[in-house]
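Chemist: In this note's numbering, the protein residues as written are 37 to 219. Don't be surprised by glycine CBs; every beta carbon is placed ideally from N, CA and C. My structure is below; once you've seen it, I'll send some questions.
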């Protein structure tokens, strides 16, 4: 973890290929990587310094591998997390079912962890609405049931990425101050 002080630990969870790494890249580096996809092995860590009110906060983001073979390892990374962004691909219904698995895991092992449901790849729906495989109302009902906030995002366009990540930081700090990026 490179010795950095982390004030808020956030873990990214979800099935492989849902776009967790792309979400982190967009939020932390404001870029969308194009090219051959490389699976995350184990987890990747990145820190982002932000302002919460008049305080400087370090947000530590753990981008976990989505492959089921790394499932046991993921538990190591979400231990002590203040927030979890549980991702699913809006064009893949099985990814939402897998997201429910991660929510159940978090609820049983990290009771105080705030959960954010994050539907990814919304830009693909802009191109063709028929590609949607996860019904918004079903997810909203589920989010209401588990008291989670719901976002539909696009790492490609940046749609709602900042709102999702900033929301996770703000609620985790239990601070009403506005969160801003430090340049």
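First and last residue of the alpha helix (DSSP H) that includes residue 176?
Modeler: First-last of the alpha helix (DSSP H) with residue 176: 172-182.
Chemist: Please list the terminal residues of the continuous beta strand (DSSP E) segment that includes residue 91.
Modeler: Note, residue 91: beta strand (DSSP E), 91-100.
Chemist: Of the residues 191, 58, 116, which one's Cα is nearest the Cα of residue 142?
Modeler: That would be 116, whose Cα lies nearest to the Cα of residue 142.
Chemist: Name the DSSP bridge partner or partners of residue 156?
Modeler: In the DSSP output, where bridge partners are listed per residue, residue 156 has 125.
Chemist: In whole angstroms, what separates the C-alpha of residue 95 from that of residue 205?
Modeler: Going from the Cα of residue 95 to the Cα of residue 205 covers about 7 Å.
Chemist: Go through its chain and collect everything with a Cβ distance to residue 190's Cβ below 6 Å, but skip five positions before and after it.
Modeler: So the qualifying residues of the chain are 158, 159.
Chemist: Could you pull the start and end residues of the alpha helix (DSSP H) that residue 188 belongs to?
Modeler: Counting along the chain, residue 188 falls outside any alpha helix (DSSP H), though it belongs to the beta strand (DSSP E) covering 185-188.
Chemist: Are residue 184 and residue 152 closer than 9 Å when you measure CB to CB?
Modeler: Result yes, Cβ atoms of residue 184 and residue 152 sit closer than 9 Å.
Chemist: Between residue 126 and residue 104, what straight-line distance do the alpha-carbon atoms span, to the nearest angstrom?
Modeler: If you take the alpha carbons of residue 126 and residue 104, they lie about 20 Å apart.
Chemist: Please classify residue 148: does DSSP put it in a helix, a strand, or coil?
Modeler: Residue state, collapsed to three classes: coil.
Chemist: By DSSP's criteria, residue 79 is part of a beta bridge. Which residues make up the other side?
Modeler: Its beta-bridge partners are 100.
Chemist: Which residue wins for smallest C-alpha separation from residue 149, given the options 54, 76, 120?
Modeler: That would be 120, whose Cα lies nearest to the Cα of residue 149.
Chemist: Provide the residue span of the beta strand (DSSP E) that contains residue 46, from first to last.
Modeler: Counting along the chain, the beta strand (DSSP E) containing residue 46 begins and ends at 44-50.
Chemist: Figure out for me which residue from 90, 196, 49, 44 has the closest Cα to the Cα of residue 108.
Modeler: Cα-wise, what sits closest to residue 108 is 49.
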